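Peer 1: Numbering (the UniProt record's numbering), first residue to last: 1 to 460. Idealized CB from N, CA, C, for every residue including glycine. These figures come from a predicted structure and were not determined experimentally.
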Amino acid sequence: MKQIKNICCIGAGYVGGPTMAVIAKNNPHITVTIVDINADRIAAWNDKDLTKLPIYEPGLADIVKETRNKNLFFSTDINKAIDQSEMIFMSVNTPTKTYGKGKGMAADLKYIELCARTIADVATTDKIVVEKSTLPVRTAEAIKSILHNTGNHINFHILSNPEFLAEGTAIKDLLNPDRVLIGGESEEAIESLAKIYESWVPKNQIIRTNLWSSELSKLTANAFLAQRISSINAISELCELTGANVNEVSKAIGMDSRIGSKFLKASVGFGGSCFQKDILNLVYIARSYHLNEVADYWEQVIIMNDHQKRRFSDRLIKTLYNTVSGKKIALLGWAFKKDTNDTRESAAIYVTDHLLSEQATVSVYDPKVSSEKMQSDLNYLNTRTEDENFNLVQTVSNPYDAVKNAHAVAIMTEWDEFITYDWEIIYKSMKKPAFIFDGRNILEKSKMEAIGFEYHAIGQ
Ligand code: NAD
Ligand code: UDX
Numbered sequence: 001m002k003q004i005k006n007i008c009c010i011g012a013g014y015v016g017g018p019t020m021a022v023i024a025k026n027n028p029h030i031t032v033t034i035v036d037i038n039a040d041r042i043a044a045w046n047d048k049d050l051t052k053l054p055i056y057e058p059g060l061a062d063i064v065k066e067t068r069n070k071n072l073f074f075s076t077d078i079n080k081a082i083d084q085s086e087m088i089f090m091s092v093n094t095p096t097k098t099y100g101k102g103k104g105m106a107a108d109l110k111y112i113e114l115c116a117r118t119i120a121d122v123a124t125t126d127k128i129v130v131e132k133s134t135l136p137v138r139t140a141e142a143i144k145s146i147l148h149n150t151g152n153h154i155n156f157h158i159l160s161n162p163e164f165l166a167e168g169t170a171i172k173d174l175l176n177p178d179r180v181l182i183g184g185e186s187e188e189a190i191e192s193l194a195k196i197y198e199s200w201v202p203k204n205q206i207i208r209t210n211l212w213s214s215e216l217s218k219l220t221a222n223a224f225l226a227q228r229i230s231s232i233n234a235i236s237e238l239c240e241l242t243g244a245n246v247n248e249v250s251k252a253i254g255m256d257s258r259i260g261s262k263f264l265k266a267s268v269g270f271g272g273s274c275f276q277k278d279i280l281n282l283v284y285i286a287r288s289y290h291l292n293e294v295a296d297y298w299e300q301v302i303i304m305n306d307h308q309k310r311r312f313s314d315r316l317i318k319t320l321y322n323t324v325s326g327k328k329i330a331l332l333g334w335a336f337k338k339d340t341n342d343t344r345e346s347a348a349i350y351v352t353d354h355l356l357s358e359q360a361t362v363s364v365y366d367p368k369v370s371s372e373k374m375q376s377d378l379n380y381l382n383t384r385t386e387d388e389n390f391n392l393v394q395t396v397s398n399p400y401d402a403v404k405n406a407h408a409v410a411i412m413t414e415w416d417e418f419i420t421y422d423w424e425i426i427y428k429s430m431k432k433p434a435f436i437f438d439g440r441n442i443l444e445k446s447k448m449e450a451i452g453f454e455y456h457a458i459g460q
């Protein structure tokens, strides 16, 4: 088995950063260098002020403090880091394609291919190349083809080692993973990677499969998780019409050990950079093999999620006497879930866009998301001009400013601090009747009603 002394990780994002920090922490004898083409991101990772790290994750700053410039390095010198390492993780983004064949469905693999080509160009010694990004099944075939045809007699072994961390709990998930999955063809390469994880993960939780099972397991895991959310969200709509309460239904079914209680929280709809992208990709792959029933089955998870987001804003508008034109709606939360500054595919973006199209003005507060990010998320949709978005959306740094004179408050993210706000003060500062639309079911209906609010939750 090859002893790994130097690791390079290409991609200093939400996965590369935390994952490598935890590998470095648990393997002080290995030097880990994370590289990225984004110089600003690397500078932020190197910032002395740990509050300026590009990613907010509970517990991350402590590990970076402990390891940075000891055995964890952040750099833009990609070629040097590749050449000096025996193992290279590819942890670059694989977003949904926005152009050409597969637009809006397939994963865009241009970044991963560029990584493989760079490795092929600059490597002068044998390498183990690890797919850490989430990739369509059989991507390793293309990577092998690029790496094995350089003509420079260097041996490359490809492994698939998908990452299962969730944002907001990334460090906890990395330190105590349910399992680590390694797919590959070379037993020696697999064992070299397994040894790194064995520094802190129990051996029986490190599982080995073939390359294709490993690649497909990642898409499948995300599809199953998202499917549970769409399933409970589908039931939430039925609850609203029948007097059933989705929280009670969720509890009742979740206590069946065959079903389990996790990922059954009804919400305004799932967001994040993974679920939608990975299911669309799964649907695209199924269709490319002419498996239309399989594709339709999984596509429904996305259709249901889009419906849930739309349903939330429709219900708000309908309740506000069928118009929000000229009304102020306060949004609490912009991140796609609590404890992260990530906003990719956040339901808040789509709900805001819908409300703006109905001529509402929107004020937003999020404890970790900057005003610039909120505006750029809206501008990315291209629904209206940047100036219009800027004028219609007020982004504030104090939640009590967001709600002042608002006709309604919409809770978009389940940040803990929202629960402990002084809701009496909020009530007094709002227009009456004062409405709450709780997209996360985090507030207590009876308490809110006792204050005077008209309270609407999901599935109740
Ligand atoms: P990200 O966008 O946060 O980070 C990717 C980084 O790669 C960016 O900083 C980008 O500049 C860099 N990059 C792109 N091409 C490069 C190149 N050729 N050379 C050097 N750097 C390059 O993305 P992420 O959220 O970390 O996701 C990375 C992968 O991990 C994706 O495939 C994603 O599906 C998967 N994943 C993400 C999560 C998550 O929670 N975010 C969890 C599991 C798996
Ligand atoms: C997900 C997977 O959980 C993780 O294993 C994978 O590696 C990456 O994708 P992430 O998107 O970071 O992680 O967060 P997750 O906790 O899965 O939440 C995704 C979305 O679903 C969020 O918007 C969250 O609020 C929502 N959600 C989650 C619900 O609406 N209800 C639930 O019960 C759980």
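Among all the DSSP beta bridges, which residues are the ones paired with residue 461?
Peer 2: The structure shown does not extend to residue 461, since the chain spans only 1 to 460, so no value can be given for it.
Peer 1: Decide if the region 196–206 is in contact with the region 214–223; the criterion is three or more beta carbon pairs, one per stretch, under 8 Å apart.
Peer 2: no
Peer 1: Mind listing, in chain order, the continuous beta strand (DSSP E) runs of no fewer than 3 residues lying wholly within the region 67–104?
Peer 2: 72–75 and 87–90
Peer 1: Just tell me which of 20, 274 and 308 has its CA closest to the CA of residue 64.
Peer 2: As a first step, residue 64 must be located in the sequence shown, where it is residue number 64. That would be 20, whose Cα lies nearest to the Cα of residue 64.
Peer 1: In the DSSP assignment, find the unbroken alpha helix (DSSP H) run with residue 309 in it and report its ends.
Peer 2: For this step, residue 309 is matched to residue 309 along the sequence shown. Element bounds for residue 309: 292–319.
Peer 1: Evaluate contact between the region 137–155 and the region 165–182, counting only Cβ atoms and requiring at least three cross-stretch pairs below 8 Å.
Peer 2: Three or more Cβ pairs closer than 8 Å define a contact, and the region 137–155 falls short of that threshold against the region 165–182.
Peer 1: One question on the structure: do residue 183 and residue 210 come within less than 7 Å of each other, judged by their Cβ atoms?
Peer 2: Numbered from 1 along the sequence shown, position 183 holds the residue referred to as residue 183. Numbered from 1 along the sequence shown, position 210 holds the residue referred to as residue 210. Yes, they are a contact pair.
Peer 1: Does at least one heavy atom of the ligand NAD sit under 6 Å from the Cβ of residue 219?
Peer 2: On the sequence shown, position 219 is the one that residue 219 refers to. Flag unset: Cβ of residue 219 not near the ligand NAD.
Peer 1: Measuring alpha carbon to alpha carbon, tell me which residue in 355, 459 and 331 is nearest residue 399.
Peer 2: Taking the sequence shown and counting its residues from 1, the one referred to as residue 399 is at position 399. Of the listed residues, the one whose Cα sits closest to residue 399 is 331.
Peer 1: Would you list the residues whose beta-carbon is nearer than 6 Å to any heavy atom of the ligand UDX, in the order they occur in the chain?
Peer 2: 163, 164, 165, 166, 167, 222, 225, 229, 263, 264, 265, 267, 270, 271, 272, 274, 275, 336 and 337
Peer 1: Helix, strand or coil: how does DSSP classify residue 178 here?
Peer 2: On the sequence shown, residue 178 is found 178 positions in, with the first residue counted as 1. Correct three-state label for residue 178: coil.
Peer 1: Regarding residue 115 and the ligand NAP, is the C-beta to nearest heavy atom distance less than 6 Å?
Peer 2: Of the ligands this structure carries, namely the ligand NAD and the ligand UDX, none is the ligand NAP.
Peer 1: If you run the structure through DSSP and keep just helix, strand and coil, what is residue 364?
Peer 2: Translated into positions along the sequence shown, residue 364 becomes position 364. Reduced to three states, the DSSP call for residue 364 is strand.
Peer 1: So, under 8 Å CB-CB, residue 417 and residue 440 are touching, yes? Tell me the CB distance rounded to an integer number of Å.
Peer 2: Here the question's residue 417 lines up with position 417 in the sequence shown. Here the question's residue 440 lines up with position 440 in the sequence shown. Actually they are not in contact, since the Cβ atoms of residue 417 and residue 440 sit about 13 Å apart, beyond 8 Å.
Peer 1: Could you check whether the Cβ of residue 142 sits closer than 6 Å to any heavy atom belonging to the ligand NAD?
Peer 2: Residue numbering aside, residue 142 sits at position 142 when the sequence shown is read from its first letter. No.
Peer 1: Sorry if obvious, but does the Cβ on residue 134 come closer than 6 Å to a heavy atom of the ligand NAD?
Peer 2: As a first step, residue 134 must be located in the sequence shown, where it is residue number 134. Yes - the ligand NAD has a heavy atom lying nearer than 6 Å to the Cβ of residue 134.
Peer 1: Would you say the beta carbon of residue 12 comes nearer than 6 Å to a heavy atom of the ligand NAD?
Peer 2: As a first step, residue 12 must be located in the sequence shown, where it is residue number 12. Yes - the ligand NAD has a heavy atom lying nearer than 6 Å to the Cβ of residue 12.
Peer 1: Going by C-alpha distance, which of 150, 350 and 193 is nearest residue 272?
Peer 2: Counting from one through the sequence shown, the residue named residue 272 turns up at place 272. If we check each option's Cα against that of residue 272, 350 comes out closest.
Peer 1: Which whole runs of the alpha helix (DSSP H) in the region 188–250 are 4 residues long or more, in chain order?
Peer 2: 211–242
Peer 1: How long is the line joining the alpha carbons of residue 381 and residue 307, rounded to whole angstroms?
Peer 2: What you label residue 381 is simply residue 381 of the sequence shown in a count that begins at 1. What you label residue 307 is simply residue 307 of the sequence shown in a count that begins at 1. If I take the Cα positions, the gap works out to 18 Å.
Peer 1: Considering only residues of the same chain and omitting the five flanking positions on each side of residue 31, which have a CB-CB separation below 6 Å?
Peer 2: Within the sequence shown, the letter at position 31 stands for residue 31. So the qualifying residues of the chain are 6 and 71.
Peer 1: For residue 313, is the classification buried or exposed, using 16 other Cβ atoms within 10 angstroms of its Cβ as the cut-off for buried?
Peer 2: The residue given as residue 313 occupies position 313 in the sequence shown. The residue is buried, with at least 16 neighbouring Cβ atoms inside 10 Å.
Peer 1: Is the CB of residue 375 under 7 Å away from at least one CB in chain C?
Peer 2: No chain C is part of this structure, which consists of one protein chain only.
Peer 1: At the level of alpha carbons, what is the spacing between residue 24 and residue 18?
Peer 2: Reading the sequence shown from its first residue, position 24 is the one you call residue 24. Reading the sequence shown from its first residue, position 18 is the one you call residue 18. Approximately 10 Å between the Cα atoms of the pair.
Peer 1: May I ask you to report which of helix, strand or coil DSSP gives residue 14?
Peer 2: Sequence index remark: in the sequence shown, residue 14 carries index 14 (1-based). Here residue 14 sits in coil by DSSP.
Peer 1: Span of the alpha helix (DSSP H) holding residue 354?
Peer 2: Here residue 354 is taken as the residue at index 354 of the sequence shown, counted from 1. 347–357 is the span of the alpha helix (DSSP H), which, as asked, contains residue 354.
Peer 1: How many Å lie between residue 186 and residue 361 at the Cα?
Peer 2: Sequence index remark: in the sequence shown, residue 186 carries index 186 (1-based). Sequence index remark: in the sequence shown, residue 361 carries index 361 (1-based). Cα-Cα distance, rounded: 58 Å.
Peer 1: Going straight from the alpha carbon of residue 216 to that of residue 433, what length do you get?
Peer 2: Start at 1 with the first residue of the sequence shown, and residue 216 comes out as number 216. Start at 1 with the first residue of the sequence shown, and residue 433 comes out as number 433. Those two C-alpha atoms are separated by around 51 Å.
Peer 1: Beta-carbon within less than 7 Å of residue 304's beta-carbon, same chain only, minus the 5 sequence neighbours each way: which residues are those?
Peer 2: As a working note, residue 304 is residue 304 in the sequence shown. 230, 233 and 234, listed in sequence order.
Peer 1: How big is the Cα-Cα spacing for residue 181 and residue 289?
Peer 2: By 1-based counting over the sequence shown, the position of residue 181 is 181. By 1-based counting over the sequence shown, the position of residue 289 is 289. Residue 181 and residue 289 have their alpha carbons spaced roughly 25 Å apart.
Peer 1: What does the alpha-carbon distance come out to for the pair residue 407 and residue 443?
Peer 2: Taking the sequence shown and counting its residues from 1, the one referred to as residue 407 is at position 407. Taking the sequence shown and counting its residues from 1, the one referred to as residue 443 is at position 443. One C-alpha to the other measures close to 18 Å.
Peer 1: Mind checking whether the beta-carbon of residue 421 lies closer than 6 Å to any heavy atom of the ligand NAD?
Peer 2: Here the question's residue 421 lines up with position 421 in the sequence shown. No, the Cβ of residue 421 stays beyond 6 Å of every heavy atom of the ligand NAD.
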